[in-house]
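Residue numbers (my numbering): 6 to 861.
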């Protein structure tokens, strides 16, 4: 049998490249037979081009017709190729995936035609991204199901290894057949998956095209002026307006009659159930009311923000419960559609939002119960602004309800334009009145124009001017859009600010106002570096990120961005982007912060356990407790930081290279800081100075209050905090009164007359020393004869004290006692005496003043 290796390779190449089609299968086999057949039979394969279809016999008949002329090797190769092609096309998973590919491709092409068609409505354009996003998700799911089949075949193909070379020993036909079969399957499945990837990308591009087309249409409608607005449209609308009100009242009567037709029970539930739900909810929200003490006391900005949120919940929850009860009963009775796109659900949501905005204005500007308002303003100005804002919210609600009314009542074009023009004008005038009132109020103006609030005030002024200018120029759609969306945007931003204040109240450092918040952590409960304060700041940061993410999403949807597009932005922001070998994403950052906070919490737990269990009841020094506690704190802090950084994907080998490059700079520029850091580690490990020791460094002495890795804090007797670099405590002489124990020796000098009885003096001083409670009995007090003075005999009373920290108070008390004891013993304390000799006599009466001394 001849070697068929090269022919098999050619067949595999043709199969992978897609050139081996079913109609060409037999001619290829015939060509193969022609190469090995006798020369006399070669012309038999040269059929004319017109007779090519005649050679397309079924695969089962080709070997039979050429069995007499073809050699066994060629027939086996043709059979192997036929079986491989059949296996590649009859795999049920691949066939089902191919059918799905055709359907997906047809749906994408249909969406492209709809986008290109100018007659496609805005609603159809809005549905295209939703449908294609579902299609993209189906592509991902189906691709994930087919992917294991590809991996399985690749693994089996890898086990077989590559085909032997021409000069290598020939492998068996069974192995060659199996390898060719697997290669065909791999090529076919891989091709289908790549087609799915192309369709996935193409669907995303079509989604972008649909959103772009919808935005272009919406922008064109906003910036297209209404022709003859003031000359024709508005007068015609005023003429047809009575008929429109008749339609509205007729529709309302029909709806009421329909509700009555459902029965007295349903009609009664529609009236009573919302009231009952509101009262029942109000009973549970009373606990949110501030107490009398809280209402009268001065609160911080953060506490007032929390109070406003509680008041909003207390006011709005009963109303929302009533609206929900009304909607559920109406939907259950068949009076409204079950979807959120129907008139009643959207109307109820608009009323709920208006209720929240009205309560927000009340609790912010004119709160009840003596609670401090969050906005500084006088009562008169606050009430004026509140009334104007309530009127603006009422205008917004009426406009929203009239727009929703178009779902059930026909509205002529002229009336729709008149309604938009009227409400836009009212919004612009009310906004202008609010801004003017704020500008005229001294306190509220200062608050509104300071910091980031000034930027918002300027933006509101620009929007108000845009509304009024658009109205004058006839752009009623633009004016209406800005006016109605400005109200909701202001409400969302203010709620985000209140939620930020609530998140800020759990932290000790303000992120916007810059004011420190009082922390109620006791000093002895502070556990060093991983303190509760750090975890509270991390928790506040998490909440702020969540508030920003939700708030920005709501604002984007509010300003008519499509949810599919917003969702893709959120995914891109959450899952991040690639920056070299590191992928930066909000998800990884949040999880890294969570790992860091968890490490800090675990460190705090270990510190408390060591302090409360390991050293509980032991007589070891408190300095040892503190050193162990601080060491655990810094070790846990470093490990938590490393764990968080590791989750971000930072390669520490690269950091080691950078650290080596920066070592020279650290050696020169940060030498003193690094020296203090190492000295702090030495102090914590060697413990020559401990917390609570009474030391003297240079001309400063006091009690050691805190030892950190950079400096040591000393508190003097004057309650002054002296910060000493750790390097000073290592290199300079330090007097530690409590290094080995707390006792110390106190020397009190005493001078007496030369005629004093020595025995009486010694016994008197020793009695005074023994009678004081702070003086130790062992070693006993000693009276030391120091020397002969100019006018006294000098003695020293040397005593030993239990605690060096009582040295100053004990020395003063002993001096008082010595003075009293010496007086009782009639022992006098001499004082220096001086004899003054005056030269010359007294001046005579009437004589002039003494002559001045002669000049030298």
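Cβ coordinates follow ideal geometry from the N, Cα and C atoms, glycine included. These figures come from a predicted structure and were not determined experimentally.
- For residue 288, the enclosing alpha helix (DSSP H) begins and ends at 269–290.
- With respect to the C-alpha of residue 832, the residue from 761, 645, 355 having the closest C-alpha is 761.
- The shortest CA-to-CA distance from residue 305 to any of 237, 379, 171 is the one to 379.
- Residue 147 places its beta carbon 9 Å or farther from that of residue 112.
- Straight-line spacing of the CA atoms in residue 196 and residue 340 works out to 54 Å.
- Selection 477, 436, 506 evaluated against residue 463 yields 436 as nearest (Cα-Cα).
- Bounds of the alpha helix (DSSP H) holding residue 327 are 306–337.
- Counting only the Cα atoms, residue 399 lies some 20 Å from residue 386.
- Secondary structure note for residue 791: its beta strand (DSSP E) is the uninterrupted segment 787–793.
- Across the set 492, 829, 491, 476, the C-alpha of 476 shows the shortest separation from the C-alpha of residue 235.
- Here residue 480 carries a coil assignment [DSSP, helix/strand/coil].
- For residue 756, the pairing in a beta bridge is given by DSSP as 799.
- The Cβ atoms of residue 132 and residue 98 do not sit closer than 9 Å to each other.
- Between residue 741 and the set 733, 772, 706, 755, the nearest pair of CA atoms involves 706.
- 9 Å or more divides the Cβ of residue 753 from the Cβ of residue 787.
- Taken atom to atom, the span from the alpha-carbon of residue 811 to that of residue 750 is near 11 Å.
- For residue 150, the uninterrupted alpha helix (DSSP H) segment begins and ends at 127–165.
- With 16 or more other Cβ atoms from the protein chains shown falling within 10 Å of its own Cβ, residue 541 counts as buried.
- The beta carbon of residue 559 sits closer than 6 Å to the beta carbons of 497 from its chain, once the five residues preceding and following it are set aside; these are given in chain order.
- A contact between stretches requires three or more CB pairs, one per stretch, nearer than 8 Å, and the stretch 427–434 meets this requirement with the stretch 472–487.
- The beta-bridge partner set that DSSP reports for residue 705 consists of 702.
- For the pair residue 143 and residue 118, the Cα-to-Cα distance works out to about 22 Å.
- In the three-state reduction of the DSSP assignment, residue 720 falls in the strand class.
- A residue is called buried once 16 or more other Cβ atoms fall within 10 Å of its Cβ, and residue 722, having fewer, is exposed.
- Counting the other Cβ atoms within 10 Å of the Cβ of residue 383 gives fewer than 16, which makes it exposed.
- Across the structure, residue 108 and residue 101 are spaced so that their CA atoms are roughly 11 Å apart.
- Taking residue 438 as the centre and dropping the five residues before and after it, the same chain places the C-beta of 393 closer than 7 Å to its C-beta, in chain order.
- Counted as a single uninterrupted DSSP element, the beta strand (DSSP E) harbouring residue 730 occupies residues 726–730.
- A straight line joining the alpha-carbon of residue 356 with that of residue 322 spans about 13 Å.
- With fewer than 16 other Cβ atoms inside 10 Å of its own Cβ, residue 173 counts as exposed.
- Exposure of residue 388 is indicated by the presence of fewer than 16 other C-beta atoms within 10 angstroms of its C-beta.
- In the structure shown, the three-state DSSP call for residue 389 is helix.
- Sequence-distant Cβ neighbours of residue 508 in its own chain, meaning closer than 6 Å and more than five residues away, are 545, 548, 549.
- By alpha-carbon distance to residue 278, the top candidate from 447, 417, 324 is 324.
- Residues 264, 265 of the same chain have their beta carbon placed closer than 8 Å to that of residue 272, with the five preceding and five following residues left out of the count.
- Proximity of the stretch 237–254 to the stretch 279–287 falls short of the contact definition, fewer than three beta-carbon pairs being nearer than 8 Å.
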